[in-house]
Amino acid sequence: MSSHEVLNQKTKQRYSLYAQFYPLLSLLAYYVIWRGNIFRHIRFFRDIVQTKIKILDIATGDGSLTAVALRPDRNDKIAKLICLDISPEMLAKAKTKLKVPKCELVVGDVQQMPFENGEFAAISCFGGFNSFPDGPGALREIYRVLASQGRVRGSVLLLPNAPWKQKKIQQWIQEGYQTQTISIDQFKRWVHDAKFSVSTEVLIGDVLLFELIK
Ligand SMILES: C[S@@+](CC[C@H](N)C(=O)[O-])C[C@H]1O[C@@H](n2cnc3c(N)ncnc32)[C@H](O)[C@@H]1O
Numbered sequence: 066m067s068s069h070e071v072l073n074q075k076t077k078q079r080y081s082l083y084a085q086f087y088p089l090l091s092l093l094a095y096y097v098i099w100r101g102n103i104f105r106h107i108r109f110f111r112d113i114v115q116t117k118i119k120i121l122d123i124a125t126g127d128g129s130l131t132a133v134a135l136r137p138d139r140n141d142k143i144a145k146l147i148c149l150d151i152s153p154e155m156l157a158k159a160k161t162k163l164k165v166p167k168c169e170l171v172v173g174d175v176q177q178m179p180f181e182n183g184e185f186a187a188i189s190c191f192g193g194f195n196s197f198p199d200g201p202g203a204l205r206e207i208y209r210v211l212a213s214q215g216r217v218r219g220s221v222l223l224l225p226n227a228p229w230k231q232k233k234i235q236q237w238i239q240e241g242y243q244t245q246t247i248s249i250d251q252f253k254r255w256v257h258d259a260k261f262s263v264s265t266e267v268l269i270g271d272v273l274l275f276e277l278i279k
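Shown next, in the form of structure tokens:
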């Protein structure tokens, strides 16, 4: 088994249990560890839809954030919403929140997505990069399936300064909730290497919200 597969396996096992307690525990960690602001987070996610589009959401998880931000049941500008996640248990929960026929849930790996080159005009990926086995590889694959001039919006959880928070995050990495810590400089290098340009970056606490253009 490759190191990617080992990490994906660990993530799948961990998230099959974590699915039972999501999204309450994740929201708590988001506020206490990363000092986020869920309302700004939701608004930033929602604003990705400006014209009628087919959108891909990566690392959808249990679908709570995606359902609240995109409201596919009410938003006529969403022609189709494809949601990809590696955890079948998380997507089983998402199924109850993203019920409309235009939502399609796909169990799959961000590193090898079952989509055509340039298939999507917009891609969202909130909270995924901290759990992927290979950040630069994921960005290259996102670049491949994004249309020319397409936009990606997402978030990365940065490493907070407080030692107790860093210790907690290291523990979560050991346990498989996350795969790695990510710094702003490191993320920007990945973005540059994948040939994206950054059009927006907003820092809220230790949460980076970003928009990338192909
Ligand atoms: C922290 S959750 C984020 C869920 C949701 N977007 C949110 O913000 O609440 C991270 C998600 O990434 C998924 N994930 C981890 N590795 C993945 C991979 N290689 N491909 C696709 N999804 C993956 C996990 O299963 C999990 O549902």
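Quick note: the sequence shown uses this note's numbering, first residue 66, plus one each step. Every residue, glycine too, gets a C-beta built ideally from N, C-alpha and C.
> Do Ala159 and Leu149 have their CB atoms nearer than 7 Å?
Replying inline: One-based indexing of the sequence shown puts residue 159 at position 94. One-based indexing of the sequence shown puts residue 149 at position 84. No, Cβ-Cβ distance for Ala159 and Leu149 is not below 7 Å.
> So the beta strand (DSSP E) Val272 belongs to, where does it begin and stop?
Replying inline: As a position in the sequence shown, residue 272 is number 207, starting the count at 1. Its beta strand (DSSP E) spans residues 272–278.
>> Applying the 10 Å Cβ sphere with the 16-neighbour rule, what's the burial state of Arg100?
In response: For the purposes of this step, residue 100 is identified with residue 35 of the sequence shown, where counting begins at 1. By the neighbour-count rule (16 or more Cβ atoms within 10 Å), Arg100 is not buried but exposed.
>> Among the candidates Asp127, Phe194, Leu273, whose CA atom is the shortest distance from the CA of Ile109?
In response: Start at 1 with the first residue of the sequence shown, and residue 109 comes out as number 44. The question names Ile, yet the displayed sequence has Phe at residue 109. Phe109 has its Cα closest to that of Leu273, out of Asp127, Phe194, Leu273.
> Whose C-beta lies closer than 7 Å to the C-beta of Ala134 among residues of the same chain, with five residues either side of it excluded?
Replying inline: Within the sequence shown, numbered from 1, the residue matching residue 134 stands at position 69. Once the five neighbours on either side are set aside, the close Cβ partners of Ala134 are Ile107, Phe110, Arg111.
>> Along the chain, where does the beta strand (DSSP E) containing Val171 start, and where does it finish?
In response: In the sequence shown, residue 171 corresponds to position 106, counting from 1. Its beta strand (DSSP E) spans residues 168–172.
> Start and end of the alpha helix (DSSP H) containing Gln231?
Replying inline: To locate residue 231, count along the sequence shown from 1; it is residue 166. Note, Gln231: alpha helix (DSSP H), 228–240.
>> Between Phe194 and Lys119, how many whole angstroms is the CB-CB distance? I'm expecting something under 8 Å.
In response: As a position in the sequence shown, residue 194 is number 129, starting the count at 1. As a position in the sequence shown, residue 119 is number 54, starting the count at 1. Not a contact, Cβ separation roughly 23 Å.
>> Extract the residue ranges of the alpha helix (DSSP H) inside the stretch 103–160, only unbroken runs of 4 or more that lie entirely within it.
In response: 103–111, 129–135
> Does the beta carbon of Tyr83 fall short of 6 Å from some heavy atom of ligand 1?
Replying inline: Here residue 83 refers to the residue found at position 18 of the sequence shown. No; taking the cut-off as 6 Å, the Cβ of Tyr83 has no heavy atom of ligand 1 nearer than that.
> From which residue to which residue does the alpha helix (DSSP H) around Ala94 run?
Replying inline: Working through the sequence shown from its first residue, we reach residue 94 at position 29. Element bounds for Ala94: 89–97.
> Over what stretch of residues does the alpha helix (DSSP H) that includes Glu184 continue unbroken?
Replying inline: In the sequence shown, counting from the first residue as 1, residue 184 sits at position 119. Looking at the DSSP string, Glu184 is not in any alpha helix (DSSP H), and its letter there is neither H nor E.
>> I believe Thr244 touches Leu130 by the beta-carbon criterion, under 8 Å. Please report the beta-carbon distance rounded to the nearest angstrom.
In response: To locate residue 244, count along the sequence shown from 1; it is residue 179. To locate residue 130, count along the sequence shown from 1; it is residue 65. Not quite, the Cβ-Cβ distance comes to about 20 Å (not below 8 Å), so this is no contact.
>> Using a Cβ-based criterion (distance less than 6 Å to any ligand heavy atom), does Thr246 qualify as near ligand 1?
In response: Residue 246 sits at position 181 when you count from the first residue of the sequence shown. Outside the cutoff, so no.
> Is the beta carbon of Ala132 less than 7 Å from the beta carbon of Leu163?
Replying inline: What you label residue 132 is simply residue 67 of the sequence shown in a count that begins at 1. What you label residue 163 is simply residue 98 of the sequence shown in a count that begins at 1. It is a contact, given that the beta carbons lie within the stated cut-off.
> Leu268 by DSSP, collapsed to three states: which one?
Replying inline: Translated into the one-based positions of the sequence shown, residue 268 becomes position 203. In the structure shown, Leu268 sits in a strand (DSSP, three-state: E or B).
> If Lys253 sits next to Tyr208, beta carbons under 8 Å apart, how far is it from one beta carbon to the other, in whole angstroms?
Replying inline: For the purposes of this step, residue 253 is taken as the residue at position 188 of the sequence shown. For the purposes of this step, residue 208 is taken as the residue at position 143 of the sequence shown. So it is not a contact: roughly 15 Å between Cβ atoms.
>> Give me, in chain order, the residues of the same chain whose beta-carbon lies closer than 6 Å to that of Tyr95; leave out the 5 immediate sequence neighbours on both sides.
In response: Translated into the one-based positions of the sequence shown, residue 95 becomes position 30. Excluding residues within five positions, the ones whose Cβ falls inside 6 Å are Gly101.
> Residues in its own chain within less than 7 Å of Met178 by CB, not counting five upstream and five downstream?
Replying inline: Start at 1 with the first residue of the sequence shown, and residue 178 comes out as number 113. Hits under 7 Å: Leu149, Glu206, Val210.
> Based on the DSSP secondary-structure assignment, which residues constitute the bridge partners of Ile249?
Replying inline: Stepping through the sequence shown from its first residue, residue 249 is reached at position 184. Paired residues: none, contrary to the question.
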